[in-house]
Amino acid sequence: MVEYRIDRRSGVATYLQIVQQTKQALRLGLLEPGDKLPAAREVVEATAVNPNTVLKAYRELEREGLVEARRGLGTFVRRSLGTAAGDSPLRAELAEWAQRARAAGLVRDDVAAFFAAVLDEYFEDTREEQR
Numbered sequence: 001m002v003e004y005r006i007d008r009r010s011g012v013a014t015y016l017q018i019v020q021q022t023k024q025a026l027r028l029g030l031l032e033p034g035d036k037l038p039a040a041r042e043v044v045e046a047t048a049v050n051p052n053t054v055l056k057a058y059r060e061l062e063r064e065g066l067v068e069a070r071r072g073l074g075t076f077v078r079r080s081l082g083t084a085a086g087d088s089p090l091r092a093e094l095a096e097w098a099q100r101a102r103a104a105g106l107v108r109d110d111v112a113a114f115f116a117a118v119l120d121e122y123f124e125d126t127r128e129e130q131r
């Protein structure tokens, strides 16, 4: 199951944070087709967000064909995203790199900036495809 973490200082709308975190869980294989998303009430209790915000996020995921709402049962994953398995050798290499970066004194924002720059350099041509 996914646990949502809301960063109120990020400047990203709360419902979009829920959408993005759900997509990340789908990409990493943490959520798979048939899995049930947390009930809106559970997300509200865990994050202190408005219930309508959670429902808006779930509707967006449904509009994108990623989940489906089943009346009286909940919201279920319809399809996965990507192939980034959580136990991938690439993930292990990235984890090692992150450990080295932390040992070198870099903070999370520094690492995020490095990573974003590399992504922009190597994946610039695919950015529009993913929207």
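Last residue of the sequence shown? That's 131 in the numbering used here, and every number before it is there in order. For each residue, glycine too, the CB sits at the ideal point set by N, CA and C.
| Query | Result |
| --- | --- |
| Pairwise C-alpha distance: Lys23 and Glu121 | 23 Å |
| As assigned by DSSP and simplified to three states, the class of Ala69 | strand |
| Beta-carbon proximity list for Leu136, same chain, < 8 Å, skipping 5 on both sides | An answer regarding residue 136 cannot be provided, because it is not within the stretch 1 to 131 covered by the chain. |
| Whole-number beta carbon distance between Pro38 and Val77, since they are thought to touch under 8 Å | That belief does not hold up - the Cβ atoms of Val77 and Pro38 are roughly 12 Å apart, past 8 Å. |
| Cβ contact check for the segment 11-22 and the segment 56-75: 3 or more pairs under 8 Å | yes |
| Extent of the continuous alpha helix (DSSP H) run through Val111 | Arg108 to Phe123 |
| Sequence-distant residues of its chain with Cβ nearer than 6 Å to Thr53 (five each side left out) | Thr14 and Tyr15 |
| Bounding residues of the beta strand (DSSP E) (the contiguous stretch that carries Val77) | Gly74 to Val77 |
| Assigned exposure category for Leu31 - 16 Cβ within 10 Å defines buried | buried |
| Supposed contact pair Pro33 and Arg71 - C-beta distance, whole angstroms, cut 8 Å | At roughly 19 Å, the Cβ-Cβ gap does not stay under 8 Å, so Arg71 and Pro33 are not in contact. |
| Bridge partner(s) assigned by DSSP for Lys132 | Nothing in the structure corresponds to residue 132, since the chain is present only between 1 and 131. |
| Residue burial classification, Ala117 (beta-carbon count within 10 angstroms, cutoff 16) | exposed |
| Proximity to Val43 [Cα-Cα], best of Arg63, Ile6, Glu64 and Ala103 | Ile6 |
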